[in-house]
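Below is one structure, written out as structure tokens, with a few remarks after it.
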Amino acid sequence: MQRFRAHIDLAGLSLPNDAHVYVEAYVKNSTMRFDFGTVLHLKNGEVHELGELDASGSVLFRVRVVDESERIGRILAAANRLRPSSDEGKAGRRSILPVRSADLGSQVWKVEIDPDDGPMLSVSNRVPSLKEELIANPVYAALILPHVLRVIVASIVARGAIDSQDWAADWVTWVNRECGIDLVVQIDNEVLSEDIEDDVAEAFSARHALLERMMTSMEVQ
């Protein structure tokens with residue numbers, strides 16, 4: 000079962016001390032709401048279980064600060080489409096590509112892109128430890144990750160203009176940093192390479208020496 004722990008910092012916002020703070024976790028049409036106390040007395044650091052959410056997508060969060068002094072609550076501040084940081088790996092590092100093990104029939108892996116939540120990579124639960132081995136095993140990484148990037152980049156290009164609050168904005172930043180390709184400039188100026196998906200996959204593969212690492216791994220075996 001998925002769990003989360005949140006730390007909310009409202010410093011610098013002019014909010015009444017008795018306003019109530021809520022965190023909503025959601026996946027597609029399923030939602031869970033958690034009471035985080037008031038502006039003055041926040042309930043930070045508690046672990047909350049997400050057992051009632053749809054397990055088929057990635058979890059996003061909303062934060063609401065609500066004035067409940069009257070019969071109908073009034074939203075004073077809000078933050079939407081917040082993506083969680085992972086406890087795994089580097090502290091505070093966010094995962095922009097959730098990976099899950101699932102029953103995919105005869106398929107080994109599949110990328111699904113939700114228009115609102117972004118991409119999710121599903122890998123077959125019939126292949127032992129495939130989720131864990133995806134990055135650690137050079138053969139899996141070389142055969143799967145470049146094509147995953149092609150699918151995601153094609154989806155971003157098809158969306159057109161990039162909204163800073165959209166999931167695609169995180170990927171544009173990542174592609175720029177990891178592959179040296181500025182998708183925003185190309186999309187805005189309508190100068191996209193006909194092979195932009197391959198350009199990104201090639202740049203990523205070269206930077207991480209995927210082919211060389213795979214060949215070395217196969218030679219050792």
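Numbering (numbering that gives the first Met the number 0), first residue to last: 0 to 220.
Think of the CB as a built atom: it goes at the ideal place given N, C-alpha and C, for glycine as much as any other residue.
Report task. Kindly provide the ranges of any alpha helix (DSSP H) runs that are 4 or more residues long and lie completely inside the segment 65–137, ordered along the chain. Result -> Listed in chain order, the alpha helix (DSSP H) elements of length 4 or more contained wholly in the segment 65–137 are 129–135.
Report task. For V46, count neighbouring C-beta atoms within 10 Å of its own C-beta (all shown protein chains included) and say buried if the count is 16 or more, exposed if not. Result -> Residue burial is scored here from C-beta neighbours: V46 has fewer than 16 other C-beta atoms within 10 angstroms and is therefore classed as exposed.
Query raised in the report: What do you reckon, are the CB atoms on R158 and D197 nearer than 8 Å?
Result: In this structure, the beta-carbon distance from R158 to D197 does not fall below 8 Å.
Query raised in the report: G44 and H6: beta carbons closer than 8 Å?
Result: yes
Query - Close Cβ partners of G72 (< 7 Å) along its chain, the five nearest in sequence each way excluded - result: V65 and D66
Requested in this report: Check whether the Cβ atoms of L59 and S29 lie closer than 8 Å to each other.
Outcome: no
Report task. Label Q1 either buried or exposed according to how many other C-beta atoms from any shown protein chain fall within 10 Å of its C-beta, with 16 as the threshold for buried. Result -> Exposed, since its Cβ has fewer than 16 Cβ neighbours within 10 Å.
Requested in this report: Provide the residue span of the alpha helix (DSSP H) that contains S204, from first to last.
Outcome: I195 to R206
Requested in this report: Look at V195 and V152 and say whether their C-beta atoms are less than 8 Å apart.
Outcome: Reading off the sequence shown, one finds Ile at residue 195, where the question assumed Val. A contact, by the Cβ cut-off of 8 Å.
Query raised in the report: For A18, which of helix, strand or coil comes out of DSSP?
Result: A18 falls in the coil class under three-state DSSP.
Report task. Specify the secondary structure class of L9 as computed by DSSP and reduced to three states. Result -> coil
Query raised in the report: To which residues of the same chain is L210 closer than 7 Å at the C-beta, ignoring the five residues directly before and after it?
Result: A141 and S204
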